[in-house]
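Worksheet for the structure shown next.
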Amino acid sequence: MNHQTSPLRTPANPVMEAVMRWVSGTGRGQALGHWLSRTIALPQLRRLTADALPWSPLQRPLREATVALVTTSGVHRRDDRPFKLASDPTFRVIPRTAEAGDLAIAHQAYDRTDCHRRCEGETET
């Protein structure tokens with residue numbers, strides 16, 4: 000597929016991008032992020048998990064099971080249509096043969112510092 004070794008980053012709103020870099024790259028930004036998560040996300044999570052979580056033990060050895068990973072990370076193959084940055088309910092299938100250079104990231108609300116570091120200097124399409 001593609002010969003790049005790291006994922007392509009889908010451009011986000013420049014202001015939001017700067018805010019995310021500040022939140023993930025500075026002590027004050029990280030403190031704000033932790034405060035926001037305790038103030039906003041944790042109460043919501045507690046409300047959502049008030050009931051007992053259903054649990055079903057694995058009935059076979061893991062090596063014999065089919066495993067799927069479902070995530071809201073915005074990662075997709077470079078040749079797939081990018082996710083819309085504001086609430087996209089669709090999904091993309093990434094084959095097990097995909098390598099990092101075959102992927103792109105369309106997300107703006109989590110720390111992508113490592114991806115930025117690896118993608119710097121590469122041509123984005």
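Going letter by letter, the sequence shown gives residues 0 to 124 in the numbering used here.
A virtual CB, placed ideally from N, CA and C, is assigned to each residue, including glycine.
Please read these numbers as outputs of a predicted model, since none were measured by experiment.
1) Which residues share a DSSP beta bridge with Arg76?
2) Classify Arg59 as helix, strand or coil using the three-state DSSP reduction.
3) Given a threshold of 16 other Cβ atoms within 10 Å of its Cβ, counted over all protein chains shown, does Leu102 qualify as buried or as exposed?
4) Between the beta-carbon of Ile93 and the beta-carbon of Arg77, is there less than 8 Å?
5) In whole angstroms, what separates the C-alpha of Thr71 from that of Arg80?
6) Counting C-beta neighbours from all protein chains within 10 Å, is the total for Gly73 16 or more, i.e. buried, or is it exposed?
7) If I follow the unbroken alpha helix (DSSP H) through Leu84, where does it start and stop?
8) When you compare only the Cα positions, how much space is there between Asp87 and Arg20?
9) According to the Cβ coordinates, are Gly32 and Val18 closer than 8 Å?
10) How would you label Ala85, buried or exposed, when you count the other beta carbons within 10 angstroms and need 16 or more for buried?
11) Hey, how far is the Cα of Pro13 from the Cα of Trp54?
So, from the listed chains and residues:
1) Leu102
2) coil
3) buried
4) no
5) 15 Å
6) buried
7) Counting along the chain, Leu84 falls outside any alpha helix (DSSP H), and DSSP gives it neither H nor E.
8) 23 Å
9) no
10) exposed
11) 42 Å
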